[in-house]
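What follows is a single structure, written as structure tokens, with notes after it.
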Amino acid sequence: MSRLLRHALAMILLVATVGVTATAHADELKRVLAFGDSLTWGAQPTKQGKLKRLPAVERWPIAMQTALGKGYVVTEEGLNGRTIDIPNAPAQQPSLDGSEALPGILARGQPFDVVVIMLGSNDVNPQYDRTPARIAEGMGKLVRMVRDMHGGISTLGESPKVLVVAPPPLAENPWSTADDKSRELASAYAAIAKEQHVEFFDAGTVIQTDGVDGVHLSGATQQKLGRALAEKVRAMAQ
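Read in the numbering used here, the sequence shown has 205 at position 205, and its numbers run on one by one without any break.
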């Protein structure tokens, strides 16, 4: 065998080995989906005008990624105005119905090891006329979507673990009785999580809504939430 041929074969073997190693390292990463509304998107609190987004390092999904470390990849899927399962007005784009968006997001991004769902702050708006019990029922539907996926489109895989997060109660805000309803979400979500055999976290135990609008969170509070959720996710991903 010529020296040139031996060299070529050695290079092919090296490339193949590097490729396999890179794939193995990628497969070892724990993948986490953060699915939510403007609290997950990272909206800056404001009393008027269009919402602006907090810097990436201040948003809770990225703060969670940082706290988790190199072995984890967090995918942000927050959307302003998103609800759990309230149908949109026909002219409203994109769809704000979380139950419509979640299946496609799961299929496109899979595999995920853990799916974190924090929704409900928009659902308590009086215009939707939803009770905390009805909102929690919708959360249960999202949980079942995740648990029943078994892979993506034409693929097989284990269903991700689910972490249901009750958002912190709203402060006093223009939404009339919404803040009262928001205080009841934690107990309603805890019951649904227990029934569905998934994990639960009450964000109100570690943070308070501190935005000037009574709905959104400051960057410091977002980061605090991300660090707290990282502890929960790390335990789940083992």
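Built from N, CA and C at the ideal position, the CB exists for glycine as well.
Between the Cα of residue i and the Cα atoms of the options, which residue gives the shortest distance?
i: Q65; options: P94, T83 and R31; result: R31
i: D180; options: H197, P132, E100 and K224; result: P132
i: P45; options: P160, L142, L29 and L217; result: L217
i: A237; options: N80, S159, R130 and G219; result: S159
i: E184; options: M149, V57, A166 and L33; result: A166
i: T75; options: R130, L229, A34 and R144; result: A34
i: L79; options: A230, S38 and A101; result: S38
i: F201; options: A235, E28, K50 and G219; result: A235
i: S121; options: K50, I192 and P169; result: P169
i: V143; options: L102, I86, S182 and P55; result: L102
i: A325; options: W41, K50 and E28; result: Examination of residue 325 is not possible in this model, given that the chain is present from 1 through 238 alone.
i: G157; options: P111, V73 and V164; result: P111
i: D148; options: D129, S182, V124 and V198; result: V198
i: P87; options: V73, K47 and Y128; result: Y128
i: S182; options: D123, A230 and K47; result: D123
i: M139; options: P94, G104 and A190; result: A190
i: E195; options: Y72, L229 and E137; result: E137
i: G104; options: Y72, E231, M145 and L225; result: M145
Where does residue i sit, in a helix, a strand or coil, going by DSSP?
i: A34; result: strand
i: L163; result: strand
i: V143; result: helix
i: I117; result: strand
i: D243; result: In the structure as shown, the chain starts at 1 and stops at 238, and residue 243 therefore has no counterpart that could be examined.
i: E172; result: coil
i: E258; result: Outside the displayed span of the chain (1 to 238) sits residue 258, for which this structure offers no information.
i: D179; result: helix
i: E184; result: coil
i: E158; result: coil
i: T221; result: helix
i: Q127; result: helix
i: D202; result: strand
i: Q196; result: helix
i: M236; result: helix
When the distance is taken between beta carbons, is residue j closer than 8 Å to residue i?
i: G214; j: A171; result: yes
i: I135; j: I62; result: no
i: V116; j: V206; result: no
i: K52; j: S99; result: no
i: K161; j: D113; result: yes
i: A178; j: P126; result: yes
i: A203; j: V164; result: no
i: G219; j: L54; result: yes
Just checking my contact of residue i with residue j at CB under 8 Å: how many whole Å lie between their CB atoms?
i: L106; j: G36; result: Between G36 and L106 the Cβ distance is about 14 Å, and since that is not below 8 Å, they are no contact.
i: Q208; j: R59; result: Not really, about 18 Å apart at Cβ, beyond 8 Å.
i: R108; j: L96; result: At roughly 18 Å, the Cβ-Cβ gap does not stay under 8 Å, so R108 and L96 are not in contact.
i: A43; j: R227; result: Not a contact, Cβ separation roughly 20 Å.
i: V212; j: K47; result: 6 Å
When you compare the CB of residue i with every CB in chain C, is at least one pair closer than 8 Å?
i: D180; result: The displayed structure is made up of one protein chain only, and chain C is not part of it.
At which residue ranges does the region 28 to 113 contain complete alpha helix (DSSP H) runs of 4 or more residues, listed in the order of the chain?
Positions of the alpha helix (DSSP H) runs, each at least 4 residues long and wholly inside the region 28 to 113, are given as 38 to 41, 60 to 68 and 98 to 109 in order along the chain.
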